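Working notes for the structure below.
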Amino acid sequence: MDAVKKILVARRAPAAVLDKLSARFDVDYHDGVMPLAADELRARLQGRAGAYITGTERISAELLDACPDLRVVSTMSVGYNHIDLAACTARRVLVTNTPDVLTETTADLGFALLMATARRMGEGERLLRDGGWKSWSWDFLAGQDVHGTTLGILGMGRIGQAIARRGRFGFGMKIAYHNRSRLAPETEAELGARYLSKEALLSQADHLVLVLPYSAESHHCIAAAELALMKPTATLINIARGGIVDEDALAAALRENRIAAAGLDVFEGEPRVNPVLLTLPNVVLTPHIGSATMPTRLAMAGLAADNLIAALTGDVPPTPLNPEILSA
Ligand code: DGY
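Take numbering that gives the first Met the number 0: the last position of the sequence shown gets the number 327, and nothing is skipped along the way.
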């Protein structure tokens with residue numbers, strides 16, 4: 000009989016997932032609220048064949064070299080910018096993520112943030128709680144319309160398309176998008192989506208939602224020059240990764256009302272938030288909760304566990320990121 004494989008569960012996980020993994024593997028479990036520091040992660044991965052991680056554990060080439068027994072990294076996230084995928088592939092370490100199960104939930108949050116931002120809900124709630132609601136007046140907390148306006152989507156993958164559906168079918172919005180590759184004509188037709196250059200998208204969108212993956216290429220792809228193309232009445236929503244936006248440039252644009260408002264669920268260097276953003280009234284801030292509903296988080300955790308189990312027991316995992324390793 001094969002020796003029981005050893006894994007590290009590097010973040011808190013649902014009890015059912017932990018039970019499932021413990022029934023098959025020798026599990027070292029980090030049950031802390033905070034992520035393991037890099038040196039602790041390295042130490043606890045020694046002799047471990049698998050790692051169950053989330054977006055807070057960085058898997059670098061150096062870490063892989065220091066943990067030669069590691070064969071599978073299963074992240075409970077769709078994003079994988081915290082993992083050096085090329086380095087994993089070069090070392091024949093299989094990487095899996097959790098796409099699809101969070102698409103609709105994350106699109107819900109994106110749309111909620113858009114609504115809250117356009118309709119100044121964060122500002123209104125703060126004002127009310129602070130006792131600042133004195134009377135009604137014609138322009139009191141008057142924001143921007145959502146229905147019938149142009150919804151711009153930068154990054155038209157699964158989540159971008161789910162947001163487009165909400166905008167088109169729920170709010171009668173006109174859908175425009177920019178993406179590395181253009182959608183199939185039938186998908187464009189279904190969504191009523193117009194493909195635009197990035198510049199045209201920036202200048203035509205009433206509400207611009209960022210849903211593109213984070214990479215060296217998309218780092219600060221919304222900076223001063225891009226913000227300058229946007230309408231002064233436009234809102235910017237980021238549910239992708241903080242590093243996509245130059246937050247200093249965004250804070251300056253918001254402070255000078257060069258765009259109307261922003262809704263941000265992700266931040267560069269989170270959980271730290273750019274202190275200037277915290278002082279601005281026209282920004283709605285949420286703490287990276289795009290996929291945070293109980294059913295979706297359970298589904299993500301379950302899929303991450305299934306990926307790890309399959310990969311370590313010789314089956315094909317449901318959602319591998321570097322499947323070429325399996326066929327090689
Ligand atoms: C994801 O799944 O990538 C979410 O951003 C949570 O990390």
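Every residue gets a Cβ at the ideal spot worked out from N, C-alpha and C, and that includes glycine. Quick caveat, the model's predicted, so the values are computed rather than measured.
- For threonine 295, the enclosing alpha helix (DSSP H) starts and ends at 293-311.
- The alpha helix (DSSP H) runs lying completely inside the region 74-105 and spanning 4 residues or more are 84-89, given in chain order.
- Sequence-distant partners of methionine 299 (beyond 5 residues in either direction) whose C-beta falls short of 7 Å from its own C-beta, in its chain, are Met75, Thr97, Val100, Leu101 and Ser290.
- Each residue's CA atom was taken as its position, placing proline 13 and alanine 224 some 44 Å apart.
- In this chain, leucine 44 is not harboured by any alpha helix (DSSP H), its DSSP state being neither H nor E.
- Under DSSP, the beta-bridge partners assigned to lysine 173 are Thr149.
- Two segments are said to touch when three or more pairs of C-beta atoms, one from each, lie closer than 8 Å; by this definition the region 150-166 touches the region 107-115.
- Short note on valine 275: C-beta not closer than 7 Å to any heavy atom of the ligand DGY.
- Per DSSP, the beta-bridge partners of arginine 193 are Ala175.
- At least one heavy atom of the ligand DGY falls within 7 Å of the beta-carbon of leucine 101.
- Between the alpha carbons of alanine 310 and leucine 320 lies a gap of roughly 12 Å.
- Between serine 59 and aspartate 27, the C-beta gap is not smaller than 8 Å, which leaves the two residues out of contact.
- In terms of Cβ geometry, asparagine 281 and alanine 260 form a close pair [threshold 8 Å].
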